[in-house]
Amino acid sequence: MSDSERAPAAPRIVVSFDTTPVGEAALETALSLAAIWDAEIAGLFVEDIGLVRMAELPFTRELGLTSAVLRSIDTTDIERALRLQAEQSRAWLAAAAAALNLRWSFQVVRGQSVNAVFEYGEGCALMILGAASAGVVARSVELSGVGPARRSVSELQALRYLSARPVVLLFDGSERGMRALAAGHSLAVRAGTRLTLLVTADSAEEFDRRRQQARSWLVERSAVARYVWLKSRDVESVARAVGAENASALLLHEHVTPNDRRLLRSLLSELGCPLVLVS
């Protein structure tokens, strides 16, 4: 394996926490990769500033799940619920990391989720994001303080989410693309699932060349993959291809990640699976 394909010394994996199923899948992905690389998991719980500001509006209401009665909510309600969810997330990460003998840390910040992850994750090996939009997070906030039932640590270790669907990565044949391939291959092997490469290429000849490049690397490791020609890297095309493959996770390297954070948030909202950004 070349230097570009190796995990960095003392790697750190940043994972964003939320209470959606995609958030749980993001933690499962982070635990898997941290176990492979003996990496530290740095958990990040983002108190979404958009959600807090929404609670400040005079017309904001909560619909009771059992009473079906609308009631007003304020920032105190939201902040209390977010604090409790952060505490639960920290305890959950601590238990999961202890079960796998992994190093871990946890931090709570307020801001916009994608921006916060990039700021906190500067210089790390991987950044793993789950839900990105305030709407998704808002639906997961229970003002009673009781969030959705989470899977047990043993269920996370069983990789039930990852093992049920293929790991998908965007592959462009570059040096960083090979690093993403190495990470995707390791994740698929650990989960006992399939690997799919979305190969970006402007022509059939370029697609064949990049497919053979990846195939040769995988053959050396007695591995196989499915190859899909991705003719465009716009958000809609990537999301459509990932959806067609029913991906458990999507891996991108930082040079093919949209520079416009709005486009990245748009991609996250369309994916329905964790996004793994490989440095």
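Numbering (the working numbering), first residue to last: 1 to 279. For glycine and all other residues, C-beta sits at the position ideal for the given N, C-alpha and C.
How big is the Cα-Cα spacing for residue i and residue j?
i: residue 82; j: residue 268; result: 21 Å
i: residue 257; j: residue 238; result: 11 Å
i: residue 68; j: residue 44; result: Its pLDDT being 45, under 50, residue 68 is placed unreliably by the model, and the measurement read from it follows with that caveat. Approximately 33 Å between the Cα atoms of the pair.
i: residue 94; j: residue 104; result: 7 Å
i: residue 196; j: residue 160; result: 18 Å
i: residue 88; j: residue 23; result: 13 Å
i: residue 114; j: residue 170; result: 20 Å
i: residue 112; j: residue 265; result: 10 Å
i: residue 77; j: residue 27; result: 26 Å
i: residue 214; j: residue 181; result: 8 Å
i: residue 231; j: residue 183; result: 23 Å
i: residue 260; j: residue 236; result: 15 Å
i: residue 227; j: residue 90; result: 38 Å
i: residue 163; j: residue 203; result: 33 Å
i: residue 120; j: residue 173; result: 28 Å
i: residue 201; j: residue 271; result: 21 Å
i: residue 253; j: residue 179; result: 8 Å
Under a Cβ-count criterion, where at least 16 other Cβ atoms within 10 Å of its own Cβ denotes burial, should residue i be classed as buried or exposed?
i: residue 192; result: exposed
i: residue 12; result: buried
i: residue 221; result: exposed
i: residue 276; result: buried
i: residue 306; result: Summary: the structure shown does not reach residue 306, with the chain confined to residues 1 through 279, and so no result is reported for it.
What is the DSSP secondary structure of residue i, counted as helix, strand or coil?
i: residue 75; result: helix
i: residue 85; result: helix
i: residue 260; result: coil
i: residue 40; result: strand
i: residue 47; result: strand
i: residue 176; result: helix
i: residue 111; result: strand
i: residue 100; result: coil
i: residue 199; result: strand
i: residue 278; result: strand
i: residue 228; result: strand
i: residue 204; result: helix
i: residue 165; result: coil
i: residue 160; result: helix
i: residue 105; result: strand
i: residue 221; result: coil
So residue i packs on residue j, CB below 8 Å; how close in whole Å?
i: residue 32; j: residue 187; result: 6 Å
i: residue 116; j: residue 224; result: In fact, because the Cβ distance is near 38 Å, the residues do not count as touching under 8 Å.
i: residue 35; j: residue 102; result: 7 Å
i: residue 130; j: residue 274; result: 6 Å
i: residue 166; j: residue 194; result: 4 Å
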